[in-house]
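For reference, the structure is listed below as structure tokens.
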Amino acid sequence: MVIGIMGALHEELAGMLEAMPDERRQQVAGRTFWCGRWQGQEVVAVLSRVGKVAAATTATALIERFGVNQIVFTGVAGGIGQEVRVGDVVVANGFVQHDMDASPLFARHEVPLYGRTVFETDVALSSQLAHAARDVLADVGRHVQAQSVQAFALQRAQCHQGLVATGDRFVSSSAECRALQQALPQALAVEMEGAAVAQVCFDYGVPFAALRTISDRADDDAHTDFGRFVTEVASHYSVAVLSQWLRQLT
Ligand code: ADE
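Everything in the sequence shown is counted per numbering that gives the first Met the number 0, starting at 0 for the first residue and increasing by one.
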């Protein structure tokens, strides 16, 4: 069993790679793939890059060239569900492309020729990840410095499971956020890669799950603390959740 781990952020992969003593690098399609063992599992870790096309290329290379049997994605997202706050985690149960619109030929958001709008994630894998995320959030002070726990009010952080919307836009205005909420009332979060990876995994029959830490509310303030949040919170969550999940597989 080879597990593909895609990270959207350099900081997340750095933490993971430090814990992979036997890691070997391989270059494919201009990307660096790190192959090795982590928590006793054979893994291939790679930066997805940003946006749907880049993420789809990366996922395809993971499957075709590295023979991964499953893919887990970790990164940040903007919270658009009413109850979804900065510091919470969303484990996706499915992905929709919010910028897909081939109407009037096909229904809005439907991916032409697939006859579907939503690409579901693997149920068992997602529930394992959600379990690991809840464990980490229950003891957040063990993974994130007290100052950041305070600054981002992480004491009340929760793990949600639901629909995630993907598109080639960083959503950073309250007006756009409201439009998204109206168009996709069930969506909990918005990001830029997940639906592309979900579609590639669907095509190849590879189980897929994704974990997104909420870095912002996709509104006029979306960019304010973004860098600081990624370094101080999201990168630590990912390493903690993924290592906890992999440990449980052994
Ligand atoms: N990733 C993190 N925050 C985001 C946002 N507001 N829009 C799109 N992708 C994101």
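Built from N, CA and C at the ideal position, the CB exists for glycine as well.
Nearest neighbour of F225, chosen from V75, A123, V49 and V67 [CA to CA] | By one-based count along the sequence shown, residue 225 stands at place 226. Selected option, being the one with the closest Cα: V75.
Regarding D215 and ligand 1, is the C-beta to nearest heavy atom distance less than 6 Å?
-> Reading the sequence shown from its first residue, position 216 is the one you call residue 215. The nearest non-hydrogen atom of ligand 1 is less than 6 Å from the C-beta of D215.
Taking F207 and V163 to be in contact with their CB atoms under 8 Å, please state how far apart those CB atoms are, rounded to whole angstroms.
-> Numbered from its first residue, the sequence shown carries residue 207 at position 208. Numbered from its first residue, the sequence shown carries residue 163 at position 164. In fact, because the Cβ distance is near 12 Å, the residues do not count as touching under 8 Å.
Say the cut is 6 Å; is the CB of G14 nearer than that to a heavy atom of ligand 1?
-> For the purposes of this step, residue 14 is taken as residue 15 along the sequence shown, with counting starting at 1. G14: no, Cβ never under 6 Å from ligand 1.
7 Å Cβ shell around I70 - same chain, five flanking residues per side excluded = Start at 1 with the first residue of the sequence shown, and residue 70 comes out as number 71. Excluding positions up to five away in sequence, the list reads G3, M5, A58, L61, V196, C200, V205 and F207.
With hydrogens ignored, establish whether the beta-carbon of F72 is closer than 6 Å to any heavy atom of ligand 1.
-> If you number the sequence shown from 1, residue 72 lands on position 73. No, the Cβ of F72 stays beyond 6 Å of every heavy atom of ligand 1.
Quick one, which of A7, L183 and Q243 has its alpha-carbon nearest L136's?
-> As a working note, residue 136 is residue 137 in the sequence shown. The shortest Cα separation from L136 among A7, L183 and Q243 belongs to Q243.
According to DSSP, residues forming a beta bridge with T59 = Taking the sequence shown and counting its residues from 1, one reaches residue 59 at position 60. Partner(s): none; T59 has no beta bridge.
Nearest-angstrom Cα distance between A239 and P103?
-> Indexing the sequence shown from 1 puts residue 239 at position 240. Indexing the sequence shown from 1 puts residue 103 at position 104. Rounded to the nearest angstrom, the two C-alpha atoms are 45 Å apart.
On the three-state DSSP scale, how would you describe L104?
-> As a first step, residue 104 must be located in the sequence shown, where it is residue number 105. The three-state reading of DSSP puts L104 in coil, since its state is none of H, G, I, E or B.
When every heavy atom of ligand 1 is checked, does at least one fall within less than 6 Å of the C-beta of A194?
-> For the purposes of this step, residue 194 is taken as residue 195 along the sequence shown, with counting starting at 1. Not so, every heavy atom of ligand 1 lies at least 6 Å from the Cβ.
Start and end of the alpha helix (DSSP H) containing Q127?
-> Working through the sequence shown from its first residue, we reach residue 127 at position 128. V122 to A137 is the extent of the alpha helix (DSSP H) around Q127.
With a Cβ-Cβ cutoff of 7 Å, do E190 and R168 count as a contact?
-> For this step, residue 190 is matched to residue 191 along the sequence shown. For this step, residue 168 is matched to residue 169 along the sequence shown. Not closer than 7 Å, so no.
Please confirm whether L153 and G78 have their CB atoms less than 7 Å apart.
-> For the purposes of this step, residue 153 is identified with residue 154 of the sequence shown, where counting begins at 1. For the purposes of this step, residue 78 is identified with residue 79 of the sequence shown, where counting begins at 1. If you check the CB distance, L153 and G78 do not come in under 7 Å.
Ends of the alpha helix (DSSP H) at F225?
-> To locate residue 225, count along the sequence shown from 1; it is residue 226. Where F225 is concerned, the enclosing alpha helix (DSSP H) stretches over F225 to F228.
Member of A55, M15 and W37 whose CA lies at the smallest distance from the CA of A28 = Taking the first residue of the sequence shown as 1, we reach residue 28 at position 29. The option with the nearest alpha carbon to A28 is A55.
Tell me, please, whether the CB atom of E231 is closer than 7 Å to any CB atom in chain D?
-> Included in the structure is just one protein chain, with no chain D present.
How long is the line joining the alpha carbons of R84 and S214, rounded to whole angstroms?
-> By 1-based counting over the sequence shown, the position of residue 84 is 85. By 1-based counting over the sequence shown, the position of residue 214 is 215. Each residue's alpha carbon lies about 8 Å from the other.
Outcome for V52 when other beta-carbon atoms lying within 10 angstroms are tallied against a minimum of 16 | Sequence index remark: in the sequence shown, residue 52 carries index 53 (1-based). When all chains shown are included, V52 counts as exposed.
State yes or no: is the C-beta of H235 within less than 7 Å of the C-beta of V143?
-> Here residue 235 refers to the residue found at position 236 when the sequence shown is read from its first residue. Here residue 143 refers to the residue found at position 144 when the sequence shown is read from its first residue. Cβ atoms of H235 and V143: closer than 7 Å.
Relative to ligand 1, is the shortest distance from any of its heavy atoms to the C-beta of E190 smaller than 6 Å?
-> By one-based count along the sequence shown, residue 190 stands at place 191. Because some heavy atom of ligand 1 lies under 6 Å away, the Cβ of E190 counts as near it: yes.
Could you give the residue range of the beta strand (DSSP E) that holds F94?
-> The residue you call residue 94 lines up with position 95 of the sequence shown. Counted as a single uninterrupted DSSP element, the beta strand (DSSP E) harbouring F94 occupies residues V88 to Q96.
Measuring from the CB of G50, is there a heavy atom of ligand 1 at a distance below 6 Å?
-> Counting from one through the sequence shown, the residue named residue 50 turns up at place 51. Result no, Cβ not under 6 Å from ligand 1.
Just curious, the beta strand (DSSP E) that G78 is in, first and last residue?
-> The sequence position of residue 78 within the sequence shown is 79, counting from 1. The continuous beta strand (DSSP E) containing G78 extends over residues Q69 to G78.
In its own chain, which residues sit with a C-beta less than 6 Å from the C-beta of E41, not counting the 5 before and 5 after it?
-> If you number the sequence shown from 1, residue 41 lands on position 42. Same-chain partners within the cutoff: V1.
Would you list the one or two residues that DSSP bridges to H159?
-> Looking up residue 159 in the sequence shown gives position 160. H159 has V89 as its beta-bridge partners, per DSSP.
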